[in-house]
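Below: one structure, written as structure tokens.
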């Protein structure tokens, strides 16, 4: 394979632009809360900068390693991710936050194995599908084994439970299945089974039912289940075209819970207005555009599926987060990639984009 001297500069520019805006918005959205809770307005911002630095190092290193090096090791990587994902469920090992046992850690340091699982599954599924492409039009020999490979880690994630991360992971993998040659008729059966399973998952957890009812009728419980979405819309509405100005959000004054995480886009829209929201979504669109281009021009099927899986994971997460914040779908607990505060999520997203940049170095012009 002939390699380019540099990775895709469009991708690099868009990623850095989103990351810088994210750090600025984490400080702006969290300064009031962190000063109140930790007596330090920079508490979350300093940690975001630290995570971003670690992620950038990982991105640069992985972008310089040929992506095909990971092909023979992808199975081992997935097994390691599965071990950590299962360890979360062990009492005394997994940490409970926000009602979900999704973390492993000691003291202030913690990791979220489900974030590693998303990347590990994309790596191994890319290898699995590239080796079985000729069998993908067969339900029993191609589609069903691939589906089983996806549903096993999904079941472990649902035991935490973490529906949002599970939906992003499964959605990404289904896109990879479709582009690798699976028949549309296979997806019709899966859609029916998935709909029934989703209804069952929602019905099995009272808090999920509350989220559905809050989505449909938020004003019936404005201080309970409908509180977040109402406060989010209160933030977006006054932003108008140009916003109230950077740092001038009113909703971050203890109205919008944890504004630096899932609902950071609402604060961004309040302070920077429609144009600010449009600008950052445009940067995400550049990532999507160049990611799909990288996938189409990759020299082999493994690289093509790997690039598609990574850009699909980021794009699906963006669509879900923005849809939640704007009230288009129920609250799912999904962060905005590269923008929301978070350690494992930010670092692993940048590492994943490093793999995407590595594929771009080998893509034809």
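In the numbering used here, the protein residues as written are 1371 to 1735.
Idealized CB from N, CA, C, for every residue including glycine.
In its own chain, which residues sit with a C-beta less than 6 Å from the C-beta of residue i, not counting the 5 before and 5 after it?
i, result
"residue 1663", "none"
"residue 1399", "1622, 1629, 1630, 1634 and 1637"
"residue 1454", "1483"
"residue 1512", "1502, 1505 and 1506"
"residue 1693", "1699"
"residue 1552", "1506 and 1513"
Just to confirm my understanding: we take residue i, look at its own chain, exclude 5 residues before and 5 after, and list those with CB closer than 8 Å. What are they?
i, result
"residue 1393", "1415, 1418, 1419 and 1422"
"residue 1467", "1473"
"residue 1431", "1724"
"residue 1651", "1688 and 1692"
"residue 1690", "1534, 1537, 1538, 1699, 1702 and 1704"
"residue 1542", "1488, 1492, 1679, 1682, 1683 and 1686"
From this set, the options, which residue's C-alpha is nearest residue i's C-alpha?
i, options, result
"residue 1451", "1718, 1594 and 1654", "1718"
"residue 1682", "1671, 1657, 1670 and 1696", "1657"
"residue 1699", "1645, 1650 and 1602", "1602"
"residue 1642", "1659, 1611, 1655 and 1626", "1611"
"residue 1647", "1395, 1514, 1497 and 1549", "1395"
"residue 1649", "1669, 1620 and 1613", "1613"
"residue 1460", "1412, 1529, 1704 and 1378", "1529"
"residue 1545", "1526, 1520, 1615 and 1391", "1520"
"residue 1709", "1632, 1598, 1551 and 1444", "1632"
"residue 1721", "1437, 1582, 1570 and 1625", "1437"
"residue 1447", "1493, 1426 and 1404", "1493"
"residue 1425", "1655, 1458 and 1385", "1385"
"residue 1514", "1547, 1497, 1527 and 1534", "1547"
"residue 1620", "1403, 1379 and 1380", "1403"
"residue 1695", "1640, 1668 and 1669", "1640"
"residue 1550", "1409, 1407 and 1516", "1516"
"residue 1508", "1669, 1598, 1522 and 1556", "1556"
What do you get for residue i, buried or exposed, if any count of 16 or more other CB atoms within 10 angstroms of its CB means buried?
i, result
"residue 1510", "exposed"
"residue 1434", "exposed"
"residue 1606", "buried"
"residue 1711", "buried"
"residue 1618", "exposed"
"residue 1322", "The structure shown does not extend to residue 1322, since the chain is modelled only from 1371 to 1735, so the question has no answer here."
"residue 1390", "exposed"
"residue 1532", "buried"
"residue 1562", "exposed"
Enumerate in chain order the residues of its own chain whose CB-to-CB distance from residue i is below 7 Å, with the five nearest sequence positions on each side excluded.
i, result
"residue 1480", "1465, 1473 and 1474"
"residue 1671", "1500 and 1503"
"residue 1714", "1481, 1482 and 1485"
"residue 1524", "1536, 1539 and 1540"
"residue 1456", "1526"
"residue 1490", "1447, 1448 and 1451"
"residue 1405", "1411"
"residue 1441", "1497 and 1672"
"residue 1706", "1634, 1635, 1688 and 1691"
Is the beta carbon of residue j closer than 8 Å to that of residue i?
i, j, result
"residue 1725", "residue 1388", "no"
"residue 1488", "residue 1558", "no"
"residue 1685", "residue 1674", "no"
"residue 1661", "residue 1677", "yes"
"residue 1382", "residue 1727", "yes"
"residue 1731", "residue 1411", "no"
"residue 1679", "residue 1495", "yes"
"residue 1609", "residue 1644", "yes"
"residue 1592", "residue 1600", "yes"
"residue 1667", "residue 1734", "yes"
Tell me the start and end of each unbroken alpha helix (DSSP H) in the stretch 1389-1459 that is at least 4 residues and wholly inside, in chain order. Runs of the alpha helix (DSSP H) inside the stretch 1389-1459: 1413-1434 and 1444-1457.
Where are the beta strand (DSSP E) runs, 3 residues long or more, that stay fully inside the stretch 1682-1718, in chain order? Correct list: empty.
List in chain order: all unbroken alpha helix (DSSP H) runs of 4+ residues lying wholly within the stretch 1611-1667. The qualifying runs are 1634-1666.
Alpha helix (DSSP H) runs contained entirely in the stretch 1501-1550, provided each spans 4 or more residues: Counting only runs of 4 or more, we get 1514-1528 and 1533-1549.
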